[in-house]
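Worksheet for the structure shown next.
Residue numbers (full-length UniProt numbering): 1 to 549.
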């Protein structure tokens with residue numbers, strides 16, 4: 001902008017970035033602790049989605065353990081956990097056949113519930129507001145504010161009504177500075193501000209490189225005879241090769257609906273691979289397609305998920321704030337569950353944050369150092385410690401990993417005296433295109449398989465057209481000189497929303513960025529081989545609106 005815009009400010013005891021399960025659980029637990037201490041504290045939650053739940057996407061099967069700790073009477077309060085799991089199936093797929101595998105402890109879902117995480121978050125938001133928490137959807141936290149001593153002071157929300165040229169338009173509204181004694185970052189996987197915080201305070205200096213996957217999900221309405229409410233199916237194998245980590249989930253809901261998804265580890269090596277196309281191809285398997293034939297696809301979405309587990313957790317606290325949920329990396333990958341772990345991390349954070357809140361806000365941000373210790377003393381640490389070797393074993397390939405994980409779960413039961421290292425950073429795993437074979441994906445039939453643009457339509461994506469691109473290139477030339485020439489432009493394939501496209505201009509290739517298609521999955525920020533792409537928050541309220549996803 002041509003001139004500095006003055007921003008208003010507001011002071012809270014705690015500001016929370018993100019109204020997902022961890023952010024809302026932290027707010028609720030803080031209010032519960034304050035009520036017990038007969039004390040008033042002010043809490044503000046900002047959420048970049050147009051409404052609570054708009055950007056929330058997960059499988060999702062929830063272990064209700066943490067919800068029961070947060071609200072022992074959650075059933076009486078009407079929590080949206082109504083479809084319990086009735087049966088588990090685990091399949092190994094070849095191109096034409098399916099073989100049923102034993103259900104390992106990590107895939108045992110009896111006692112869990114198939115839910116919409118968006119609906120759970122909306123319910124949690126109601127509980128939080130009933131306790132006096134202020135929640136502001138449609139406001140994107142775009143900047144971290146610091147005290148003079150370097151401790152976190154709070155956040156600023158993004159300016160609204162900025163044109164593509166970076167100048168204010170007639171609809172311009174300046175952002176707001178939200179100051180807090182403690183700022184809780186609950187942005188989810190690869191949060192844009194959490195990423196900055198981890199770097200600023202070197203919170204990952206004693207951790208292994210974080211590793212990620214991309215999860216792509218659809219919801220279908222199917223004929224009644226093809227839906228078995230309560231059935232949970234997972235698969236591994238085809239269409240992925242034995243060197244690529246990933247698999248599927250199929251969750252049978254009520255009302256003749258089925259949720260289906262596919263996860264691909266972002267350490268995959270072939271730049272010609274498209275996780276979206278692998279998902280579409282998966283649905284054509286004879287055993288899978290019988291669930292969806294003559295059905296109707298009604299929703300689509302995609303999201304990166306954090307897979308590193310215990311080895312990749314950063315230090316959780318810093319001066320002025322904490323990291324919770326997937327912003328830190330609390331997903332239990334072997335169970336493919338992160339809701340109960342995210343909520344538990346948030347409750348532990350709240351229990352560490354509350355004692356450091358002074359009656360009057362000081363000049364500098366204190367550090368809730370007890371959070372790290374509370375985590376190590378909790379069942380959450382025990383659960384992640386027992387699961388720590390499952391994901392990294394897949395760097396050896398599918399079959400060695402299956403053998404090892406059988407020993408890990410049935411014999412050692414997570415109590416091995418060693419910890420296996422991860423493969424390294426995902427963006428370094430891509431091979432050059434010259435060393436790989438292109439993959440010929442079949443054209444969509446628009447009945448069972450679809451293209452990306454029609455899929456994005458179902459994600460209800462909306463962005464203000466006249467705004468700067470939220471996908472920043474450190475060096476635009478790199479996208480052709482390196483990505484295109486050496487890696488065959490992998491961003492045109494790993495993006496599940498068709499954001500990146502190679503077009504011809506003046507007789508040569510040019511990268512076109514269709515930022516308006518973005519579903520905020522963050523895959524480009526993770527997988528770009530030169531780390532040339534940075535995802536930043538667009539205007540608040542933009543992006544997908546997932547509804548019941």
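Think of the CB as a built atom: it goes at the ideal place given N, C-alpha and C, for glycine as much as any other residue. Owing to the predicted nature of the structure, the values given are computational and were not obtained by experimental measurement.
Shown here, residue 484 sits in a helix according to DSSP, grouped into three states.
A distance of 8 Å or more separates the beta carbons of residue 203 and residue 144. Where residue 32 is concerned, the enclosing alpha helix (DSSP H) starts and stops at 21-36.
Counting the other CB atoms within 10 Å of its CB gives residue 137 a total of 16 or more, which places it among the buried residues.
Taken atom to atom, the span from the alpha-carbon of residue 471 to that of residue 102 is near 43 Å. Nearest to residue 448 by alpha-carbon distance, out of 279, 25, 271 and 500, is 279. In the displayed model, residue 173 falls within a strand according to three-state DSSP. DSSP places residue 535 inside the beta strand (DSSP E), whose first and last residues are 533-535.
Rounded to whole angstroms, residue 304 and residue 218 show a C-alpha spacing of 15 Å. With the rule of 3 Cβ pairs closer than 8 Å, the stretch 283-301 counts as touching the stretch 218-235. When 21, 185 and 265 are compared, the shortest CA-CA separation from residue 425 is found for 265. DSSP, reduced to helix, strand and coil, places residue 472 within a strand of the structure shown.
Residue 248 places its beta carbon 8 Å or farther from that of residue 493. Annotation: the continuous beta strand (DSSP E) that includes residue 508 extends over 508-513.
Cα atoms of residue 477 and residue 495: separation of roughly 20 Å, rounded to the nearest angstrom. Inter-residue distance for residue 383 and residue 254 is about 30 Å (C-alpha atoms, whole angstroms). Inter-residue distance for residue 549 and residue 252 is about 13 Å (C-alpha atoms, whole angstroms). A contact between stretches requires three or more CB pairs, one per stretch, nearer than 8 Å, and the stretch 2-17 meets this requirement with the stretch 174-194. The beta carbon of residue 433 sits closer than 6 Å to those of 271, 487 and 488, all from its chain and outside the five residues before and after it, given in chain order. Residue nearest to residue 86 within the set 228, 205 and 396 is 228 (criterion: CA-CA distance). When the Cα atoms are used, residue 100 and residue 209 turn out to be separated by approximately 34 Å. If you check the CB distance, residue 392 and residue 422 come in under 8 Å. Unbroken beta strand (DSSP E) runs of no fewer than 3 residues, entirely contained in the stretch 313-395, are found at 321-323, following chain order. Counting the other Cβ atoms within 10 Å of the Cβ of residue 503 gives fewer than 16, which makes it exposed. Taking the Cα of residue 230 as reference, the smallest distance to any Cα among 149, 112 and 276 is reached at 112. Residue state for residue 56 is assigned as coil, using DSSP reduced to three classes. Look at residue 303 here: in three-state DSSP terms it is strand.
Distance check between residue 309 and each of 125, 385, 514 and 140 places 385 closest, using alpha-carbon atoms only.
In this structure residue 70 is in contact with residue 25, their Cβ atoms being roughly 6 Å apart against a cut-off of 8 Å.
Taking one beta carbon from each stretch, the stretch 156-171 and the stretch 321-334 have fewer than 3 pairs nearer than 8 Å; the two do not touch. Pairing residue 416 with residue 381, the inter-Cα distance amounts to about 15 Å. Each of 289, 457, 268 and 162 was checked against the Cα of residue 395, and the nearest Cα belongs to 268. When secondary structure is reduced to three states using DSSP, residue 153 falls in the strand class. If you draw a straight line from the Cα of residue 246 to the Cα of residue 446, it is about 24 Å long. The alpha-carbon separation between residue 377 and residue 316 amounts to approximately 14 Å. Beta-bridge partners assigned by DSSP to residue 236: 92.
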